[in-house]
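So the protein lines, in turn, are chains B and H.
Numbering follows our numbering, with no gaps: position 9 of the first sequence is 9.
Counting the second sequence from 1 gives a position; our numbering is that position plus 251.
The beta-carbon is built from N, C-alpha and C at its ideal position, and this holds for glycine as well.
Number of protein chains: 2
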Amino acid sequence: MIRVSILGTGNVAAHLFRAFLKNEDVEIVQVVGRNTEALRAFSKQTDTLSDFTNIAEADIFIIAVKDDAIVKVSEYVKHVKGMVVHTSGGVSMDALSGCRRHGVFYPLQTFSKNSAVDMRSVPICLEAHDSADTDLLNALAAMISESVHQVDSACRKALHLTAVIVNNFTNHLYYIGQQICVENELPAEILQPLIRETAAKIEQLSPYDAQTGPARRGDHETISMHLEQLKASKFKAVYEVMSASIEKLYP
Amino acid sequence: MIRVSILGTGNVAAHLFRAFLKNEDVEIVQVVGRNTEALRAFSKQTDTLSDFTNIAEADIFIIAVKDDAIVKVSEYVKHVKGMVVHTSGGVSMDALSGCRRHGVFYPLQTFSKNSAVDMRSVPICLEAHDSADTDLLNALAAMISESVHQVDSACRKALHLTAVIVNNFTNHLYYIGQQICVENELPAEILQPLIRETAAKIEQLSPYDAQTGPARRGDHETISMHLEQLKASKFKAVYEVMSASIEKLYP
């Protein structure tokens, strides 16, 4: 049995909470947050607390708050016996060095309020200082996910960068595509099957081999036509840079 | 019953062929292609032909070849009674104006050899000159897909541009993400659940609302850190342009 407390009430906190609840070997001691309204979503199933000075002992304290609040929240669990971890891809483990035993428990996924995520497939990236703490985090992660990885701060930094690229930037491309649809009175949903298949395809084919399109073919006629279509668009620079970057890969 | 012949043996031809085969109301008259090896994949189930001067009559001739070969292939069906369509997003309907009755039958999807696509969900974008031909294409499209759209050449041009953006460019972002993983000795598959969820998310949330990350927050500290990580990378320009484009959207 691992006793866990969660500090934070946002999307990451909520998804981890639900995953822990399903597992008999995890006991959720407390969910702690300033927002009493948000705490209500947890209060039926566990003890909730808005007073950070009254935190009970646990084996692992998971700080699941915005990056810039991690250090501040960690002040409240400086003197606990349990291990303190944060869940951020972009923050180094040292941010928690004020806590005696500390580490990282980073689920590599985008979580939103109303979208159920199958936590068993979500990669959990762990970091700790010694093997006992690593084992503890490993045990907890393995209870909720089939994809557990030891990733040090330098590699996690790289991984966070890739997450920005494949999640944030990709979403922006979806936005641009949908905007062009709307401008042309096409239903934005028309792109959905293509978007799904593009994501699914690279499970069978490497992105290098899956690449198609005018930039891959060096088809400058089509590229010029597209740039002409985009001449008044604020997204022209995106088209230019992406096409140039693809073209360089396939000389 | 609609009698269809397919000119071409590539991925689009093969996927349309399979979808037509499943439907009792479509008769595939011939599959025509120069590549006799490629024709073999079709020859068990229909008549195949490598001699373009011997094409039999049909209701609809579907030219499913590379963009730059469409006009040339259309020469062989100049004098048929049936309707001649191409399957390209980037080529105007007028490319077939040498054929008496002509139009466009554009499936908005990325097709690859070994990946089965559920054609029923693939949007089929149609264009024709008169209502009788439009009705004919509509009838054929509705037999294989639940998502049939009338899209004129100007709109299809816009749609093709969006396909390049959400398919080709997105795939390139996947490539960049996987490259960074490989450089850091992380398994490239670690990104897959995030990629899948990013694509799935916008079925519930608009891409505008789904946007997260440092550029959306205006978090210049993280952006600078990422640019520092990419300082020797050929993909730095992609990061800069994408971040700037997102940031402009969320002032």
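Under 7 Å by beta carbon: chain H residues contacting residue i
i	result
residue 203 of chain B	443
residue 22 of chain B	Per Cβ cutoff of 7 Å: no residues; residue 22 of chain B is ~18 Å from chain H at best.
residue 164 of chain B	464, 465 and 477
residue 140 of chain B	Simply none; closest approach about 19 Å.
residue 208 of chain B	426
residue 197 of chain B	360, 361 and 368
residue 114 of chain B	455
Helix, strand or coil at residue i according to DSSP, with G and I counted as helix
i	result
residue 10 of chain B	coil
residue 204 of chain B	coil
residue 401 of chain H	strand
residue 169 of chain B	helix
residue 312 of chain H	strand
residue 429 of chain H	helix
residue 306 of chain H	coil
residue 484 of chain H	coil
residue 436 of chain H	coil
residue 490 of chain H	helix
residue 470 of chain H	coil
residue 502 of chain H	coil
residue 133 of chain B	helix
residue 462 of chain H	coil
residue 408 of chain H	helix
Residue i classed as buried or exposed, judged by whether at least 16 other C-beta atoms fall within 10 angstroms
i	result
residue 381 of chain H	exposed
residue 307 of chain H	exposed
residue 53 of chain B	exposed
residue 502 of chain H	exposed
residue 407 of chain H	buried
residue 438 of chain H	exposed
residue 210 of chain B	buried
residue 493 of chain H	buried
residue 553 of chain H	The structure shown does not extend to residue 553 of chain H, since chain H is modelled only from 252 to 502, so the question has no answer here.
residue 334 of chain H	buried
residue 160 of chain B	buried
residue 471 of chain H	exposed
residue 264 of chain H	buried
residue 201 of chain B	buried
residue 197 of chain B	buried
residue 36 of chain B	exposed
residue 398 of chain H	buried
residue 114 of chain B	exposed
residue 19 of chain B	buried
Identity of the residues DSSP links to residue i by a beta bridge
i	result
residue 48 of chain B	B:31
residue 3 of chain B	B:27
residue 268 of chain H	DSSP lists no partner for residue 268 of chain H.
residue 125 of chain B	B:106 and B:149
Within chain B, partners of residue i - CB distance below 7 Å
i	result
residue 261 of chain H	Those within 7 Å of residue 261 of chain H in chain B number zero; the least Cβ separation is about 12 Å.
residue 421 of chain H	170, 173 and 198
residue 486 of chain H	245
residue 374 of chain H	190 and 193
residue 493 of chain H	169, 172 and 238
residue 406 of chain H	184 and 186
Residues that residue i contacts on chain H, provided the C-beta gap is smaller than 8 Å
i	result
residue 104 of chain B	Simply none; closest approach about 15 Å.
Per-residue contacts from residue i into chain B (C-beta, under 9 Å)
i	result
residue 410 of chain H	180, 181, 184, 186, 190 and 191
residue 400 of chain H	186, 187 and 190
residue 480 of chain H	157, 158 and 161
Within chain B, partners of residue i - CB distance below 8 Å
i	result
residue 340 of chain H	Chain B residues near residue 340 of chain H: none, gap ~10 Å exceeds 8 Å.
residue 499 of chain H	234
Contacts that residue i makes with chain H (C-beta to C-beta distance below 9 Å)
i	result
residue 222 of chain B	318, 341, 411 and 415
Segments of 4+ residues assigned as alpha helix (DSSP H) that fall wholly inside the stretch 321-371 of chain H: Those alpha helix (DSSP H) runs which fall completely within the stretch 321-371 of chain H and span 4+ residues are 321-325.
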